[in-house]
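Yeah, the first sequence ends on 514 if you go by our numbering, and it's all consecutive.
The C-beta atom is built at its ideal place from N, Cα and C for all residues, glycine as well.
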Amino acid sequence: MRFAPSPTGHLHVGNARTALFNWLFARQKRGTMVLRVEDTDVERSEARFEDQLIADLKWLGLDWDEGPDVGGPYVPYRQSDRLDLYREQAERLLNERKAYLCFCSEDDLQKERDQALADSRQPIYSGKCRMMEPDEARRRRSAGEPCAIRLRIPEHPILFHDIVHGDVEFSNEVVSDPIILRSNGMPVYNYVVVIDDALMKITHVIRGDDHLSNTPKQVALYEALGWPVPEFAHLSTILGADRERLSKRHGATSIANFRDMGVLPEALVNYLALLGWAPSGGTREIFSLKELTNEFSLERITPSAAVFDMEKLYWLNRQYIKAWPPDDLVAVGVWFFAKAGLIESSDAAWLSSHRVPIVQVSNDLRDWLGQIVALLAPYVDRLEQLPERASPIFSYDARAALTAPDNAEVLGWPNTNAVFARFTCKLLEDEAASAGQLSAEQFKTIVNEVKAETGVKGKELFHPIRIVITGSHSGPDFDRLIPILEAGSHLHLPKHVLSVRERVEEFAKAQAK
RNA sequence: GGCGCUAUCGUCUAGGGGUUAGGACGGAAGAUUCUCAAUCUUCAAACCCGGGUUCGAUUCCCGGUAGCGCUACCA
Numbered sequence: 002m003r004f005a006p007s008p009t010g011h012l013h014v015g016n017a018r019t020a021l022f023n024w025l026f027a028r029q030k031r032g033t034m035v036l037r038v039e040d041t042d043v044e045r046s047e048a049r050f051e052d053q054l055i056a057d058l059k060w061l062g063l064d065w066d067e068g069p070d071v072g073g074p075y076v077p078y079r080q081s082d083r084l085d086l087y088r089e090q091a092e093r094l095l096n097e098r099k100a101y102l103c104f105c106s107e108d109d110l111q112k113e114r115d116q117a118l119a120d121s122r123q124p125i126y127s128g129k130c131r132m133m134e135p136d137e138a139r140r141r142r143s144a145g146e147p148c149a150i151r152l153r154i155p156e157h158p159i160l161f162h163d164i165v166h167g168d169v170e171f172s173n174e175v176v177s178d179p180i181i182l183r184s185n186g187m188p189v190y191n192y193v194v195v196i197d198d199a200l201m202k203i204t205h206v207i208r209g210d211d212h213l214s215n216t217p218k219q220v221a222l223y224e225a226l227g228w229p230v231p232e233f234a235h236l237s238t239i240l241g242a243d244r245e246r247l248s249k250r251h252g253a254t255s256i257a258n259f260r261d262m263g264v265l266p267e268a269l270v271n272y273l274a275l276l277g278w279a280p281s282g283g284t285r286e287i288f289s290l291k292e293l294t295n296e297f298s299l300e301r302i303t304p305s306a307a308v309f310d311m312e313k314l315y316w317l318n319r320q321y322i323k324a325w326p327p328d329d330l331v332a333v334g335v336w337f338f339a340k341a342g343l344i345e346s347s348d349a350a351w352l353s354s355h356r357v358p359i360v361q362v363s364n365d366l367r368d369w370l371g372q373i374v375a376l377l378a379p380y381v382d383r384l385e386q387l388p389e390r391a392s393p394i395f396s397y398d399a400r401a402a403l404t405a406p407d408n409a410e411v412l413g414w415p416n417t418n419a420v421f422a423r424f425t426c427k428l429l430e431d432e433a434a435s436a437g438q439l440s441a442e443q444f445k446t447i448v449n450e451v452k453a454e455t456g457v458k459g460k461e462l463f464h465p466i467r468i469v470i471t472g473s474h475s476g477p478d479f480d481r482l483i484p485i486l487e488a489g490s491h492l493h494l495p496k497h498v499l500s501v502r503e504r505v506e507e508f509a510k511a512q513a514k
């Protein structure tokens with residue numbers, strides 16, 4: 002099996018799924034997984050994209066047995082390093098009369114195509130140079146006349162088998178003799194892919210179905226070369242919500258995008274596997290990479306296009322967030338807090354091939370952030386939401402709390418002011434609170450006293466208190482929030498975290514105005 | 001235009017000549033909680049259209065329609 006991306010940008014979800022399916026099949030069958038870099042498009046290919054691609058694949062948890070970075074028996078694995086090989090085979094085809102020299106200029110060909118279209122004929126190559134005597138062709142080439150090499154398409158229909166689509170047949174009438182080597186000596190994609198797959202002993206070509214219509218040309222090439230035709234499995238296209246091919250304007254589409262949103266690699270892999278494949282029975286949704294390796298089968302791949310559903314990915318992500326090792330989760334969480342500027346970090350680095358970023362912070366800070374992550378992570382879709390959800394901890398604005406339209410209802414309740422008064426008074430008297438050492442139990446005691454003294458309970462009691470502490474009538478459990486607030490107030494952070502007492506003081510001040 | 005591929009709830013899908021057409025996301029309702037979220041329970045929601053084959057088609061065949069892809073000296 003092979004995954005053969007072009008290094009022209011970040012790894013895209015469509016390609017990631019192709020890579021995953023190849024990998025699953027290879028691992029299940031104990032086959033060999035090859036990574037090959039298709040960089041014959043010099044204008045768009047860049048070396049740095051190759052590194053990015055490799056990093057993205059590793060982050061997903063995929064690996065390979067042969068490739069540009071690990072070597073292998075069929076080196077080189079970068080097409081730009083294999084040009085001699087392509088030229089050699091092209092000359093062989095020429096000698097065997099399976100291919101021929103074409104002296105038509107690009108202009109002529111374009112005119113021919115335009116004319117054919119205007120006459121509502123097939124815009125395929127006329128075959129003008131097909132019949133040229135080989136001697137004449139050779140002579141003209143030696144004389145320095147520019148020419149390309151074309152493959153001679155056979156005079157019969159081309160049939161091949163596709164594991165997901167079944168038998169496919171193309172009439173030779175609609176397949177032009179394709180150019181395999183350009184006049185500038187560079188080979189074209191449809192040609193090199195065959196040379197490489199054959200030479201690298203690829204038995205199963207699993208790729209996007211945008212290549213399905215190219216396959217007859219490739220099959221003709223295998224036959225001309227006298228090499229066995231591999232099995233094909235063409236995967237359906239991944240669409241955006243508007244049923245158009247998923248592209249950048251649909252938002253996040255690269256693997257790096259998802260990583261930066263705080264989507265866990267296991268969640269993305271699981272989601273991608275479910276896009277176009279379902280286990281037998283069709284009821285199970287959660288699969289680890291290992292379970293997928295066991296369950297996967299090419300025969301169960303769906304042939305129809307699939308719309309990428311962000312919501313379902315988020316749901317899966319939540320499942321994995323809840324199941325992830327707490328330490329790893331904290332590491333990723335810390336990264337997002339650093340990114341949001343809520344904590345200081347000189348070197349917040351996420352080596353993209355790593356599952357988890359590395360951020361240097363003190364143990365105290367890490368422990369404290371760990372509590373916040375443990376409190377909030379089970380309720381977010383993506384880890385990038387953590388800083389926002391933690392905003393009641395990091396920022397407090399009493400004035401805003403008293404004027405927020407969202408709080409108006411609570412502020413208007415008849416008992417609210419009594420609760421404010423009693424609670425403020427009690428808390429300001431509390432010794433533990435003045436030291437910033439208030440425990441959850443002590444806080445509960447105070448709340449209970451307020452309850453007893455005012456006779457207010459339930460919502461009418463808790464909402465006003467919550468507004469005093471966090472500025473909002475809704476938020477996380479006090480039992481876990483209070484200790485976080487108190488501990489945070491003793492930490493050195495870019496912006497001081499207010500203790501419970503400081504919050505109450507601010508609140509009282511704002512109320513007095 | 002030609003050729004190819006595809007077609008089950010809004011979405012991902014299971015199923016398959018006779019089924020109450022199953023699951024999941026999302027939606028709605030309820031329960032729970034001081035609140036939001038999360039969680040749990042319940043509900044609504046689909047076989048593209050037309051022919052044929054058949055006792056019987058959503059399932060098999062043909063056609064239509066729609067979507068997507070390919071039609072390059074792009075990959």
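Exercise. From the DSSP output, in three-state form, read off residue 101 for me.
Key: Residue state, collapsed to three classes: strand.
Quiz prompt | Length at least 4, wholly inside the stretch 153–230: the alpha helix (DSSP H) runs in chain order | solution = 190–200 and 216–226
Quiz item: What's the call for residue 272, buried or exposed, on a 16-neighbour Cβ count within 10 Å?
Solution: Buried is the call here.
Quiz item: On the three-pair Cβ rule with 8 angstroms, is the stretch 409–426 touching the stretch 483–500?
Solution: no
Self-check item: residue 34 classed as buried or exposed, judged by whether at least 16 other C-beta atoms fall within 10 angstroms
Solution: buried
Practice problem: Find the nearest neighbour of residue 167 within the set 283, 299, 197 and 120, judged by alpha-carbon distance. | Solution: 299
Quiz item: To the nearest angstrom, how far is it from the Cα of residue 394 to the Cα of residue 499?
Solution: 8 angstroms
Quiz item: Between the Cα of residue 488 and the Cα atoms of 369, 6, 343 and 193, which residue gives the shortest distance?
Solution: Comparing Cα-Cα distances from residue 488 to each of 369, 6, 343 and 193, the minimum goes to 369.
Practice problem: Per DSSP, which residues does residue 72 bridge with? Please list them. | Solution: Note: residue 72 sits in a beta bridge opposite 68.
Quiz item: Leaving out five residues before and five after residue 441 in sequence, what residues of the same chain have Cβ atoms less than 8 angstroms from its Cβ?
Solution: 479, 480, 481, 483 and 484
Quiz item: Taking Cβ to Cβ, would you say residue 397 is nearer than 8 angstroms to residue 277?
Solution: no
Quiz prompt | Selected residue, minimal CA-CA separation from residue 341, among 352, 390, 365 and 371 | solution = 390
Quiz item: Using 8 angstroms as the threshold, is the stretch 203–223 in touch with the stretch 183–191, meaning 3 or more CB pairs across them?
Solution: By the C-beta criterion, the stretch 203–223 is judged to be in contact with the stretch 183–191, since at least 3 inter-stretch pairs fall below 8 angstroms.
Exercise. Could you have a look at residue 250 and say whether DSSP puts it in helix, strand or coil?
Key: helix
Quiz item: Hey, which unbroken runs of the alpha helix (DSSP H) at 4 residues or more fall wholly within the stretch 399–452?
Solution: Taken in chain order, the whole alpha helix (DSSP H) runs of length 4 or more contained in the stretch 399–452 are 399–404, 409–413, 417–430 and 432–435.
Exercise. Give me the Cα-Cα distance between residue 4 and residue 37, rounded to the nearest whole angstrom.
Key: 6 angstroms
Quiz item: Based on the DSSP secondary-structure assignment, which residues constitute the bridge partners of residue 236?
Solution: For residue 236, which the question treats as bridged, DSSP gives the partners 209.
Exercise. Starting from the C-beta of residue 94, find all residues in its chain whose C-beta is less than 8 angstroms away, skip the five residues before and the five after it, and write them out in chain order.
Key: 100, 150, 152, 181, 225 and 226
Quiz item: Skipping 5 residues on each side, what residues in its chain have a beta carbon closer than 7 angstroms to that of residue 380?
Solution: none
Self-check item: residue 158 to residue 314 span [Cα, whole Å]
Solution: Looking at the backbone, the Cα of residue 158 and that of residue 314 are separated by about 43 angstroms.
Practice problem: May I have the straight-line CA-CA distance separating residue 52 from residue 446, to the nearest angstrom? | Solution: 58 angstroms
Quiz item: Exposed or buried, what is residue 267 when buried is set at 16 or more other beta-carbons lying within 10 Å of its beta-carbon?
Solution: Buried, since its Cβ has 16 or more Cβ neighbours within 10 Å.
Quiz prompt | Supposed contact pair residue 468 and residue 411 - C-beta distance, whole angstroms, cut 8 angstroms | solution = 6 angstroms
Practice problem: Mind checking who residue 151 pairs with in its DSSP beta bridge? | Solution: 101 and 180
Quiz item: residue 329 and residue 301: beta carbons closer than 8 angstroms?
Solution: no
Exercise. Spatial neighbours of residue 1 within its chain, please: CB distance less than 7 angstroms, with the 5 preceding and 5 following residues excluded, ordered by chain position.
Key: The chain is shown from 2 up to 514; residue 1 falls before or after that span and cannot be answered.
Quiz item: Count the other CB atoms within 10 Å of the CB of residue 374; is the residue buried (16 or more) or exposed (fewer)?
Solution: buried
Quiz item: Does DSSP put residue 351 in a helix, a strand or coil?
Solution: In the structure shown, residue 351 sits in coil (DSSP, three-state: anything other than H, G, I, E or B).
Exercise. Can you tell me which of the three DSSP states residue 274 falls into?
Key: helix
Quiz prompt | Residue environment, residue 464, which counts as buried when at least 16 other CB atoms sit within 10 Å | solution = buried
Quiz item: Under three-state DSSP, which class holds residue 344?
Solution: coil
Exercise. For residue 160, count neighbouring C-beta atoms within 10 Å of its own C-beta (all shown protein chains included) and say buried if the count is 16 or more, exposed if not.
Key: exposed
Exercise. Alpha carbon to alpha carbon, how far is residue 422 from residue 430? Give it in angstroms, no decimals.
Key: 12 angstroms
Quiz item: Does the pairing of the stretch 250–265 with the stretch 194–202 give three or more beta-carbon distances under 8 angstroms?
Solution: no
Quiz item: What are the start and end residues of each continuous alpha helix (DSSP H) run of 4 or more residues lying completely inside the stretch 451–504, in chain order?
Solution: 460–471 and 479–489
Quiz item: Roughly how many whole angstroms lie between the Cα atoms of residue 335 and residue 349?
Solution: 9 angstroms
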